[in-house]
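Engineer: One structure, as structure tokens, below. Some questions next.
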Amino acid sequence: MSNLVAIVGRPNVGKSTFFNRLIQKRQAIVDDTSGVTRDRHYGKSEWVGKEFTVIDTGGYVVGSDDTFEEEIRKQVELAIDEANVILFVVDNQAGLTDMDKEVGNLLRRTKKPTFLVVNKVDTNKNIHDTYEFYNLGIEKMHTISAMTGSGTGELLDDVVDCFEDVVYEDPYEGLPRVTIVGRPNAGKSTFINALLGEERNIVTDIAGTTRDSIETLYNKFGQEFVLVDTAGMRKKGKVSEDLEFYSVMRSIRSIEECDVCVLVIDATRGIEAQDLNILYLAERNKKGVVILINKWDLVEKETNTMKEFEDSIRRRIAPFNDVPILFISALTKQRVHKAVETFIQVFENRSRRIRTSKLNEIMLPIIEITPPPAIKGKYIKIKYVTQLPTKTPQFAFFANLPQYVKEPYKRFIENHLRREFDFTGVPIEIYFRKK
Ligand code: GDP
Ligand code: GDP
Numbered sequence: 535m536s537n538l539v540a541i542v543g544r545p546n547v548g549k550s551t552f553f554n555r556l557i558q559k560r561q562a563i564v565d566d567t568s569g570v571t572r573d574r575h576y577g578k579s580e581w582v583g584k585e586f587t588v589i590d591t592g593g594y595v596v597g598s599d600d601t602f603e604e605e606i607r608k609q610v611e612l613a614i615d616e617a618n619v620i621l622f623v624v625d626n627q628a629g630l631t632d633m634d635k636e637v638g639n640l641l642r643r644t645k646k647p648t649f650l651v652v653n654k655v656d657t658n659k660n661i662h663d664t665y666e667f668y669n670l671g672i673e674k675m676h677t678i679s680a681m682t683g684s685g686t687g688e689l690l691d692d693v694v695d696c697f698e699d700v701v702y703e704d705p706y707e708g709l710p711r712v713t714i715v716g717r718p719n720a721g722k723s724t725f726i727n728a729l730l731g732e733e734r735n736i737v738t739d740i741a742g743t744t745r746d747s748i749e750t751l752y753n754k755f756g757q758e759f760v761l762v763d764t765a766g767m768r769k770k771g772k773v774s775e776d777l778e779f780y781s782v783m784r785s786i787r788s789i790e791e792c793d794v795c796v797l798v799i800d801a802t803r804g805i806e807a808q809d810l811n812i813l814y815l816a817e818r819n820k821k822g823v824v825i826l827i828n829k830w831d832l833v834e835k836e837t838n839t840m841k842e843f844e845d846s847i848r849r850r851i852a853p854f855n856d857v858p859i860l861f862i863s864a865l866t867k868q869r870v871h872k873a874v875e876t877f878i879q880v881f882e883n884r885s886r887r888i889r890t891s892k893l894n895e896i897m898l899p900i901i902e903i904t905p906p907p908a909i910k911g912k913y914i915k916i917k918y919v920t921q922l923p924t925k926t927p928q929f930a931f932f933a934n935l936p937q938y939v940k941e942p943y944k945r946f947i948e949n950h951l952r953r954e955f956d957f958t959g960v961p962i963e964i965y966f967r968k969k
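Residue 535 is where the sequence shown starts when you use the numbering used here, and the numbers rise one by one after that.
Rendered as structure tokens:
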């Protein structure tokens, strides 16, 4: 289970600068290969071999109707609920402010490891005036410069020391894990009820673990998988659930741990920014994806309504749009079983292994007809392809000049792989390597 580090603090103290520093290297790699919709407030980082998830809480609260103070309070409470480690950033150049004190008061109540991060200490001569921050009553204090990076190494050393190595025994080891996510009121609970019906009584809410999602073994019509209900999680939350940040935080973990991520969308509202964020999270974590357009019973239909709806969604979610899109009604149970079959199908697609001989037999002729464009008069020759022995589909193409293969050609290859083999709903990765 991934450790979650939350960055909190009032605006302008340097949270996003620090966040970007933490996720820099990986982000660059990711941006290269995918994502039109990029979540700028969530990312993966690593320090001394320990991987963790970082969330810049500040990024999620702007734009609600609450007062500023109210937003900051929610942000901090959510961080306390969800994170393993909290980094409270203050601004050394601005000095201690009333809002810092309020945040400090909220944080003093938590037992979670909390670090006071005094930022903008760009040179050593600033250090003597950091002492006023001790008034916040947070013992673990570090001075850093998010801009230059100074002090961040020592801070991270201490942060990763706080990580618990939670060894989680999964009683459903080996079964597909399907998580149901989506905006509040999209119909997640209704959908889950439609699936589970009376079996709801035997919901196995696993106690004694740090997991707070609700997991149920689904076993019907020969389909067996573990259903993770993120809607159920919010019931114990204490803050307003329509907050984007809230559902994103809740979704992150369940997405990171699933095999197939099922995004429920309210047909009467269509796809929105938050849905794209969730899809992006799933794609970045290489999870299977199924989109359910729910409440289809409420939509007035003409001949092409479904097709047009589907096309518009595919355009929005491009480039990764080879995903199943189903139109359902959780309320009337229309196509609910079809949805279940689709989860299983996507799970299978994600585990698909193509034999090397078959792969070469199909792909090499395609490459021969349309080779990568020559660069500076040099011809790129792809000789051989194999699927890597990874959990999710990854392919290595061996070539004389792999560094010259550009993004459009990668897309071309990916499209052909998708056309020839069924990888619907699954992100695939393609590498070019030196032969
Ligand atoms: P946020 O609102 O907390 O996310 O703050 P930002 O990361 O947007 O930073 C606010 C301003 O402080 C920007 O102009 C940054 O360039 C600046 N800043 C951030 N970190 C440092 C730092 O370590 N030193 C200095 N001098 N400026 C910084
Ligand atoms: P959640 O917040 O995503 O768990 O959403 P709920 O399952 O609580 O549903 C929100 C509201 O939408 C409830 O009033 C449901 O009765 C309604 N709803 C859910 N699915 C459907 C559907 O397929 N058709 C219609 N008409 N209403 C639905």
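We treat Cβ as the ideally placed atom computed from N, Cα and C, and that holds for glycine. Here the structure is a predicted model, which means the values were calculated and not measured.
How big is the Cα-Cα spacing for E603 and L630?
Structural biologist: Taking the sequence shown and counting its residues from 1, one reaches residue 603 at position 69. Taking the sequence shown and counting its residues from 1, one reaches residue 630 at position 96. Within the model, the alpha-carbon separation for E603 versus L630 is close to 16 Å.
Engineer: Hey, is N828 close to ligand 2, as in C-beta under 7 Å from one of its heavy atoms?
Structural biologist: Here the question's residue 828 lines up with position 294 in the sequence shown. For ligand 2, at least one heavy atom lies less than 7 Å from the Cβ of N828.
Engineer: In angstroms with no decimal places, state the Cα-to-Cα distance between S723 and Y965.
Structural biologist: In the sequence shown, counting from the first residue as 1, residue 723 sits at position 189. In the sequence shown, counting from the first residue as 1, residue 965 sits at position 431. Cα-Cα distance, rounded: 40 Å.
Engineer: For ligand 1, is there a heavy atom less than 7 Å away from the beta-carbon of G577?
Structural biologist: Position 43 of the sequence shown, counted from the first residue, corresponds to residue 577. For ligand 1, not one heavy atom lies less than 7 Å from the Cβ of G577.
Engineer: Can you tell me whether DSSP reads Q879 as helix, strand or coil?
Structural biologist: By one-based count along the sequence shown, residue 879 stands at place 345. Correct three-state label for Q879: helix.
Engineer: From the DSSP secondary-structure annotation, give me the bridge partner or partners of I589.
Structural biologist: In the sequence shown, counting from the first residue as 1, residue 589 sits at position 55. Looking at the DSSP assignment, I589 forms a beta bridge with A540 and Y576.
Engineer: Taking 8 Å as the cut-off, does the segment 809-818 touch the segment 832-841 (at least 3 CB pairs, one atom from each stretch)?
Structural biologist: no
Engineer: Using the three-state DSSP reduction, which class does N653 fall into: helix, strand or coil?
Structural biologist: For the purposes of this step, residue 653 is taken as residue 119 along the sequence shown, with counting starting at 1. In the structure shown, N653 falls within a strand segment according to DSSP collapsed to helix, strand and coil.
Engineer: Nearest to Y918 by alpha carbon, out of D692, L898, Q868 and L935?
Structural biologist: Here the question's residue 918 lines up with position 384 in the sequence shown. Among D692, L898, Q868 and L935, the Cα nearest to that of Y918 is on L898.
Engineer: Skipping 5 residues on each side, what residues in its chain have a beta carbon closer than 8 Å to that of N548?
Structural biologist: Within the sequence shown, the letter at position 14 stands for residue 548. Per the sequence shown, residue 548 should be read as Gly rather than Asn. Around G548: V623, D625, N653, K654, A680 and M681.
Engineer: Sorted by chain position, which residues of the same chain lie with C-beta nearer than 8 Å to R970's C-beta, five sequence neighbours on each side aside?
Structural biologist: The first residue shown for the chain is 535 and the last is 969, placing residue 970 beyond what the model contains.
Engineer: Please confirm whether T664 and T677 have their CB atoms less than 8 Å apart.
Structural biologist: Position 130 of the sequence shown, counted from the first residue, corresponds to residue 664. Position 143 of the sequence shown, counted from the first residue, corresponds to residue 677. Yes, Cβ-Cβ distance for T664 and T677 is below 8 Å.
Engineer: Run through DSSP, which three-state label would M675 get?
Structural biologist: The sequence position of residue 675 within the sequence shown is 141, counting from 1. The answer is strand: DSSP assigns M675 an E or B state.
Engineer: Near P905, which residues of its chain fall below 8 Å by C-beta distance, leaving aside the five closest residues on each side in sequence?
Structural biologist: What you label residue 905 is simply residue 371 of the sequence shown in a count that begins at 1. So the qualifying residues of the chain are Y913, I914, K915 and I916.
Engineer: For ligand 1, any of its heavy atoms closer than 7 Å to the Cβ of N658?
Structural biologist: Your numbering for residue 658 matches position 124 in the sequence shown. Not one heavy atom of ligand 1 lies closer than 7 Å to the C-beta of N658.
Engineer: Check K770 in the structure and name its three-state DSSP category.
Structural biologist: Here residue 770 refers to the residue found at position 236 when the sequence shown is read from its first residue. Here K770 scores only 43 on pLDDT, less than 50, and its place in the model is too uncertain to base an answer on.
Engineer: Between the alpha carbons of T744 and H950, how many angstroms are there, rounded?
Structural biologist: As a working note, residue 744 is residue 210 in the sequence shown. As a working note, residue 950 is residue 416 in the sequence shown. The predicted position of T744 is uncertain, since its pLDDT is 32 and thus under 50; no value can be drawn from it.
Engineer: Judging by CA-CA distance, which residue of R544, T890 and N618 is the nearest neighbour of K608?
Structural biologist: Within the sequence shown, numbered from 1, the residue matching residue 608 stands at position 74. The option with the nearest alpha carbon to K608 is R544.
Engineer: Is L810 near ligand 2, in the sense that its beta carbon is under 7 Å from a heavy atom of that ligand?
Structural biologist: Walking along the sequence shown from the start, residue 810 turns up at place 276. Incorrect: L810 has no Cβ contact closer than 7 Å to ligand 2.
Engineer: For T587 versus N537, is the C-beta spacing smaller than 8 Å?
Structural biologist: Reading the sequence shown from its first residue, position 53 is the one you call residue 587. Reading the sequence shown from its first residue, position 3 is the one you call residue 537. Against a cut-off of 8 Å, the Cβ pair of N537 and T587 comes out as a contact.
Engineer: Going by other Cβ atoms of all chains shown within 10 Å of its Cβ, with 16 needed for buried, is F877 buried or exposed?
Structural biologist: As a working mapping, residue 877 is identified with position 343 in the sequence shown. F877 should be labelled buried.
Engineer: For M840, which residues from the same chain have a beta carbon less than 7 Å from its beta carbon, with the 5 sequence-adjacent residues on both sides left out?
Structural biologist: Taking the sequence shown and counting its residues from 1, the one referred to as residue 840 is at position 306. Taken in chain order, the residues that qualify are F861.
Engineer: Identify the continuous beta strand (DSSP E) that holds T713 and give its terminal residues.
Structural biologist: For the purposes of this step, residue 713 is identified with residue 179 of the sequence shown, where counting begins at 1. Segment R711 to G716, the beta strand (DSSP E) holding T713.
Engineer: For Q627, report the span of its alpha helix (DSSP H) as first-last.
Structural biologist: If you number the sequence shown from 1, residue 627 lands on position 93. Q627 -> no alpha helix (DSSP H), and no H or E assigned at all.
Engineer: Report yes or no: do three or more beta-carbon pairs, one from the segment 667-676 and one from the segment 705-722, lie closer than 8 Å?
Structural biologist: no
Engineer: Please state the DSSP three-state secondary structure of T750.
Structural biologist: Residue numbering aside, residue 750 sits at position 216 when the sequence shown is read from its first letter. T750 falls in the strand class under three-state DSSP.
Engineer: What runs of the beta strand (DSSP E), each 3 residues or longer, lie entirely inside the segment 800-878?
Structural biologist: 822-828 and 859-861
Engineer: Taking DSSP's pairing of strands, which residues face F755 in a bridge?
Structural biologist: Along the sequence shown, read from residue 1 onward, the residue named residue 755 stands at position 221. In the DSSP output, where bridge partners are listed per residue, F755 has none listed.
Engineer: Which partner residues does Y918 have in the DSSP bridge list?
Structural biologist: The residue you call residue 918 lines up with position 384 of the sequence shown. According to DSSP, which records beta bridges pairwise, Y918 is partnered with F932.
Engineer: For H871, which option in T713, L730 and V760 has the closest C-alpha, if you only look at C-alpha atoms?
Structural biologist: The residue given as residue 871 occupies position 337 in the sequence shown. Nearest option by C-alpha distance: L730.
Engineer: Considering only the alpha carbon of each residue, which of F955, P942 and A933 lies closest to K968?
Structural biologist: Taking the first residue of the sequence shown as position 1, residue 968 is located at position 434. Out of F955, P942 and A933, A933 has the C-alpha closest to the C-alpha of K968.
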